[in-house]
Ligand code: SF4
Ligand code: SF4
């Protein structure tokens, strides 16, 4: 029988990953929270040292420790800057469960967490609530913070795709599955329907399985096991070789369940055939592209939305300034860390103003909602929506 000392630590993988950090500090300038607070404990290097101490049992999971971990956006800009390719995100993921179990959460936080997780796992219920909410007009009379949440919801975006099969038009080139997400099927319906339009026009039949569920990102964020959601998605997409997703944060999370099969929609469309047969109407507009952290630092495919938009004749495409820095939405971060999130959003809005853009294009629904809640003048849209409009999508 093994003695307690001989039992492997649940953190052994994360500890050896953290041991690969040589404390060079090259990641510090890339870290948005370090840039704001200039505190070592809010830097990637500082957090890795703290997490290693906790995982080795040398430091307690104290309230101060939790504060520094909570302030992290999980944007993974540090990974991109690290010459040693330390997987900061993997270390942080293993730290979530001990942090959540040590957290002295109040009743309301626990209640909000449990309702959010349950709705994410049952997106059909979320959809019903969303429909009732829109029809009630209650958003007009909400107080303070809730009013801001309402402002983030797109208006008149139409329903999520209802049919399970959307047949290809013209010459058939293949079949794909479309991932709806939980929040996206309510708030990013334009991008979902636009994707079907473009894919069908290129000759791809789109399957939208009803039994699919949330990607599990929210569960992972709260240190909860998301394996049952992964299993449901694997079952739902059985027999579908390639799956496309319109939200880069969900795509990043789905890589766990479908390592070789999931594609961000912009990447898929860039690799798709049949463009020579498609007519794209010109658009005289300036489009500033915002790179979501998940697209840039996890999927490492930030060039794809630019290439997609460059197909539109006459459109002027440029990166939004400050693209290396998170906009502050970061999943539920904008709700739990509003001060830091708003400060990062202020920086982003300054860049939007300087860009003089007519449209801000972003491939992540969370960024679109957070920035859209503050934008006036420019509209924030998914790149596939802008392209689809020029291809006759209504
Ligand atoms: S994930 Fe982002 S906020 Fe967190 S340490 Fe890395 S760069 Fe900083
Ligand atoms: S750049 Fe990499 S090795 Fe250097 S301090 Fe940051 S995480 Fe550690």
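Numbering (the numbering used here), first residue to last: 3 to 396.
All residues carry an ideal CB built from backbone N, CA and C; glycine is no exception.
Compute the beta-carbon to beta-carbon distance between residue i and residue j, rounded to the nearest angstrom, for a pair I have assumed lies under 8 Å.
i: residue 245; j: residue 263; result: 5 Å
i: residue 45; j: residue 61; result: That belief does not hold up - the Cβ atoms of residue 45 and residue 61 are roughly 17 Å apart, past 8 Å.
i: residue 54; j: residue 295; result: Incorrect: roughly 23 Å between the Cβ atoms, too far for contact.
i: residue 371; j: residue 331; result: 7 Å
i: residue 232; j: residue 259; result: 4 Å
i: residue 119; j: residue 220; result: 6 Å
i: residue 76; j: residue 91; result: 7 Å
i: residue 316; j: residue 285; result: 6 Å
i: residue 287; j: residue 361; result: 6 Å
Just to confirm the assignment, what range does the alpha helix (DSSP H) spanning residue i have?
i: residue 203; result: 191-204
i: residue 377; result: From DSSP, residue 377 is part of no alpha helix (DSSP H); its letter is neither H nor E.
i: residue 219; result: 219-223
i: residue 320; result: Segment 318-321 is the beta strand (DSSP E) holding residue 320; no alpha helix (DSSP H) there.
i: residue 386; result: 385-391
i: residue 24; result: Premise fails: residue 24 is in no alpha helix (DSSP H) and is neither H nor E.
i: residue 56; result: 46-57
i: residue 92; result: 90-104
i: residue 355; result: 340-357
i: residue 235; result: 229-238
i: residue 37; result: 34-39
i: residue 162; result: Residue 162 -> no alpha helix (DSSP H), and no H or E assigned at all.
i: residue 311; result: 305-311
i: residue 82; result: 79-83
i: residue 215; result: No alpha helix (DSSP H) contains residue 215, which DSSP labels as neither H nor E.
Less than 7 Å between C-beta atoms, sequence neighbours within five positions excluded: which residues of the same chain meet that for residue i?
i: residue 13; result: 57, 96
i: residue 335; result: 75, 343
i: residue 22; result: 86, 88
i: residue 161; result: 191
i: residue 123; result: 215, 216, 231
Less than 8 Å between C-beta atoms, sequence neighbours within five positions excluded: which residues of the same chain meet that for residue i?
i: residue 202; result: 168, 169, 170, 171, 208
i: residue 173; result: 205, 276, 279
i: residue 63; result: 56, 100, 101, 104
i: residue 281; result: 393
i: residue 37; result: 31, 327
Less than 8 Å between the C-beta atoms of residue i and residue j, yes or no?
i: residue 301; j: residue 389; result: no
i: residue 50; j: residue 101; result: no
i: residue 297; j: residue 365; result: yes
i: residue 291; j: residue 256; result: no
i: residue 271; j: residue 382; result: no
i: residue 327; j: residue 34; result: yes
i: residue 408; j: residue 166; result: This structure does not reach residue 408, given that the chain is present from 3 up to 396, and the question cannot be answered.
i: residue 176; j: residue 242; result: no
i: residue 125; j: residue 215; result: yes
i: residue 319; j: residue 308; result: yes
i: residue 359; j: residue 380; result: yes
i: residue 70; j: residue 52; result: yes
i: residue 353; j: residue 324; result: yes
i: residue 43; j: residue 83; result: no
Leaving out five residues on either side along the sequence, give the residues of the same chain with a beta carbon under 6 Å from the beta carbon of residue i.
i: residue 186; result: 249, 367
i: residue 283; result: 392
i: residue 197; result: 248, 267, 386
i: residue 47; result: 25, 27
i: residue 99; result: 225
i: residue 217; result: 252, 255, 256
i: residue 293; result: 304, 325
i: residue 333; result: 223
i: residue 213; result: 238
Please classify residue i as buried or exposed, where buried requires at least 16 other C-beta atoms within 10 Å of its C-beta.
i: residue 20; result: buried
i: residue 117; result: exposed
i: residue 103; result: exposed
i: residue 236; result: exposed
i: residue 350; result: buried
i: residue 299; result: buried
i: residue 189; result: buried
i: residue 81; result: buried
i: residue 183; result: buried
i: residue 3; result: Bear in mind that the predicted position of residue 3 carries a pLDDT of just 44, short of 50, making it unreliable; the figure below should be weighed with that in mind. Classification of residue 3: exposed, given that the 10 Å Cβ count is below 16.
i: residue 6; result: At residue 6 the pLDDT is 48, less than 50, meaning the model places this residue with poor confidence; the figure from the coordinates comes in the next sentence. Result: exposed.
i: residue 223; result: buried
i: residue 304; result: buried
i: residue 227; result: exposed
i: residue 121; result: buried
i: residue 65; result: exposed
How is the beta strand (DSSP E) around residue i delimited, first residue to last?
i: residue 70; result: That residue, residue 70, is in no beta strand (DSSP E); its alpha helix (DSSP H) goes 65-73.
i: residue 288; result: 288-292
i: residue 179; result: 176-181
i: residue 266; result: 264-266
i: residue 247; result: 245-247
i: residue 363; result: 361-364
Strictly under 8 Å for the Cβ-Cβ distance: is residue i near chain C by that measure?
i: residue 196; result: No chain C appears in this structure, which consists of one protein chain only.
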